[in-house]
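*Asks:*
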Ligand SMILES: [Zn+2]
C-alpha cells in the first residue's frame, strides 16, 4: 500500500540543475548549506520506492527571458517513463507564450501528464493576467491540474534585487479570479502562500476547486488555527508535498507524526486527496 504521495518534487536531474534553475543554483547552495546533488531518474525513483511512496515530478518553464532551457513536457514524460510505478508528471509551458503555450497544454495532455506547474514569481506574470485565460480554459478541458507556486520563494533570496525575482505575482489572491472563472479547473496553491497565508486559506475556503499543498510548510511551525482547518473544514482540500530536493519528505513526515494526528486525517492528506486530483 502506498504510504504517501509526495505531491511536490523537483527532480534533481542534471538537466534541471543546468537548465531552468541554473542561475539560482549557487545561491540555493548557500541557502541550503550544501550543493544540490544531481541524481538519475532511477535514484529518485528508488528513494521513493524504498519508502512505499510515489512522487509528482514538476516541470519548470525556463521562459524566453531567462534564455535557459525548460524542464518541459517531454522531459517530464520521459522521466515518468523511467518509473511509471512511482512517478506522476506535471509539465510546464511559458504562460506568456500565447498560442505556443496553448499548444504546449495540448501536448502535455497527449503525453499523459497529470497537470502543469507554474512559478509566477520567476515567470513574472500573475495567473490572473488576461494572457492566461486561454491557458486555463485549455487545461480545464483536458482535466489537467494547474499548480501555482505561491508566496515567498527561495529563488534569488538574499541577493541584491532578489536576482530580478519579484514576489507580488505569487500572491494567492491572483489565483482567485482564475478559480472563479474556471470552476472546472482544479488548482493547487503550492506552499500555501507564505507571506499571504490568510489569502491562500481564504481562496481555498471560498473555492472548492482550489487545493493547498503543504510543501515548504513545516508541521511544527503550523499555527493552531491552520492545523484546525487542515483537520477540519479544509481536510479534503489539503495535501502533502516536500519540495524535494529543497525539502525532505522524511523530516516533514517525522514532524507530522509528532503532532499526533489521527490515522484517518493523515491518510487523507498524505494519499487520498492528491490521488483524487491525479485521477483525470
Ligand atoms: Zn516547487
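Numbering (this note's numbering), first residue to last: 1 to 280.
Just so you know, even glycine gets a beta-carbon here, dropped at the ideal spot from N, CA and C.
Note that the coordinates shown come from a computational prediction; the quantities given were computed from them, not determined experimentally.
Relative to the C-alpha of residue 23, which candidate in 155, 34 and 141 has its C-alpha closest?
*Replies:* For the purposes of this step, residue 23 is taken as the residue at position 23 of the chain shown. Comparing Cα positions, the closest option is 155.
*Asks:* Cβ of residue 211 versus every heavy atom of ligand 1: is any distance shorter than 7 Å?
*Replies:* As a working mapping, residue 211 is identified with position 211 in the chain shown. Because no heavy atom of ligand 1 lies under 7 Å away, the Cβ of residue 211 does not count as near it: no.
*Asks:* How long is the line joining the alpha carbons of residue 192 and residue 11, rounded to whole angstroms?
*Replies:* Translated into the one-based positions of the chain shown, residue 192 becomes position 192. Translated into the one-based positions of the chain shown, residue 11 becomes position 11. Whole-angstrom Cα-Cα distance: 21 Å.
*Asks:* If you draw a straight line from the C-alpha of residue 257 to the C-alpha of residue 3, how long is it?
*Replies:* Here residue 257 refers to the residue found at position 257 of the chain shown. Here residue 3 refers to the residue found at position 3 of the chain shown. So the alpha carbons of these two residues sit roughly 13 Å apart.
*Asks:* May I ask you to list the residues that DSSP assigns as paired with residue 57?
*Replies:* Numbered from its first residue, the chain shown carries residue 57 at position 57. Note: residue 57 sits in a beta bridge opposite 9 and 89.
*Asks:* Which whole runs of the alpha helix (DSSP H) in the segment 177-221 are 4 residues long or more, in chain order?
*Replies:* 197-206
*Asks:* Closer than 7 Å: is that where the CB of residue 18 sits relative to any heavy atom of ligand 1?
*Replies:* Residue numbering aside, residue 18 sits at position 18 when the chain shown is read from its first letter. No; taking the cut-off as 7 Å, the Cβ of residue 18 has no heavy atom of ligand 1 nearer than that.
*Asks:* Please confirm whether residue 221 and residue 212 have their CB atoms less than 8 Å apart.
*Replies:* Start at 1 with the first residue of the chain shown, and residue 221 comes out as number 221. Start at 1 with the first residue of the chain shown, and residue 212 comes out as number 212. Taking 8 Å as the Cβ cut-off, residue 221 and residue 212 do not qualify as a contacting pair.
*Asks:* With distance defined between alpha-carbon atoms, name the residue in 45, 46, 75 and 277 nearest to residue 282.
*Replies:* Missing from the structure shown is residue 282; the chain here goes from 1 to 280 and no further.
*Asks:* Start and end of the alpha helix (DSSP H) containing residue 117?
*Replies:* If you number the chain shown from 1, residue 117 lands on position 117. Looking at the DSSP string, residue 117 is not in any alpha helix (DSSP H); the run it does join, the beta strand (DSSP E), is 115-118.
*Asks:* Throw me the rounded Cβ distance for the residue 36 and residue 29 pair, which I believe falls under 8 Å.
*Replies:* For the purposes of this step, residue 36 is taken as the residue at position 36 of the chain shown. For the purposes of this step, residue 29 is taken as the residue at position 29 of the chain shown. Right, the Cβ-Cβ distance comes to about 7 Å (below 8 Å), so this counts as a contact.
*Asks:* What would DSSP say about residue 25, mapped onto helix, strand or coil?
*Replies:* To locate residue 25, count along the chain shown from 1; it is residue 25. DSSP places residue 25 in helix when its eight states are reduced to three.
*Asks:* Shorter than 7 Å, the distance from the beta carbon of residue 58 to the closest heavy atom of ligand 1, or not?
*Replies:* For this step, residue 58 is matched to residue 58 along the chain shown. Yes, the beta carbon of residue 58 sits closer than 7 Å to at least one heavy atom of ligand 1.
*Asks:* Quick one: Cα of residue 228 to Cα of residue 8, how far?
*Replies:* On the chain shown, position 228 is the one that residue 228 refers to. On the chain shown, position 8 is the one that residue 8 refers to. Note on geometry: alpha-carbon atoms of residue 228 and residue 8 lie some 23 Å from one another.
*Asks:* Report whether the distance from the Cβ of residue 77 to the nearest heavy atom of ligand 1 is below 7 Å.
*Replies:* Locating residue 77 in the chain shown gives position 77, where the first residue counts as 1. No, ligand 1 has no heavy atom inside 7 Å of this Cβ.
*Asks:* With DSSP collapsed to three states, give me the class of residue 145.
*Replies:* By 1-based counting over the chain shown, the position of residue 145 is 145. Residue state, collapsed to three classes: strand.
*Asks:* Of the choices 98, 171, 143 and 99, whose alpha-carbon is the least far from that of residue 120?
*Replies:* Residue mapping note: residue 120 aligns to position 120 of the chain shown, counting from 1. Residue 120 has its Cα closest to that of 171, out of 98, 171, 143 and 99.
*Asks:* Less than 7 Å separating the Cβ of residue 8 from some heavy atom of ligand 1?
*Replies:* Taking the chain shown and counting its residues from 1, the one referred to as residue 8 is at position 8. Yes, the beta carbon of residue 8 sits closer than 7 Å to at least one heavy atom of ligand 1.
*Asks:* Using 8 Å as the Cβ pair cut-off and three pairs as the minimum, do the segment 149-166 and the segment 102-111 touch?
*Replies:* no
*Asks:* Rounded to the nearest angstrom, how far is the Cβ of residue 286 from that of residue 195, given a contact under 8 Å?
*Replies:* Because the chain here runs from 1 to 280, residue 286 falls outside it and cannot be looked at.
*Asks:* Output needed for residue 200: all residues of its chain with C-beta closer than 8 Å, excluding positions within five of it in sequence on either side, in chain order.
*Replies:* To locate residue 200, count along the chain shown from 1; it is residue 200. If the five residues before and after residue 200 are omitted, its C-beta is found closer than 8 Å to the C-beta atoms of 150, 151, 172, 189, 192, 193 and 212, all from its own chain and listed in chain order.
*Asks:* Evaluate residue 239 with the Cβ neighbour count: other Cβ atoms within 10 Å of its Cβ, from every protein chain shown; 16 or more gives buried, anything less gives exposed.
*Replies:* Against the chain shown, residue 239 aligns to sequence position 239. Buried: at least 16 other Cβ atoms inside 10 Å.
*Asks:* Measure the C-alpha to C-alpha separation of residue 252 and residue 243 and round it to an integer number of angstroms.
*Replies:* Working through the chain shown from its first residue, we reach residue 252 at position 252. Working through the chain shown from its first residue, we reach residue 243 at position 243. Each residue's Cα considered, the two are about 10 Å apart.
*Asks:* In the DSSP assignment, the alpha helix (DSSP H) including residue 104 goes from what residue to what residue?
*Replies:* For the purposes of this step, residue 104 is taken as the residue at position 104 of the chain shown. Element bounds for residue 104: 99-110.
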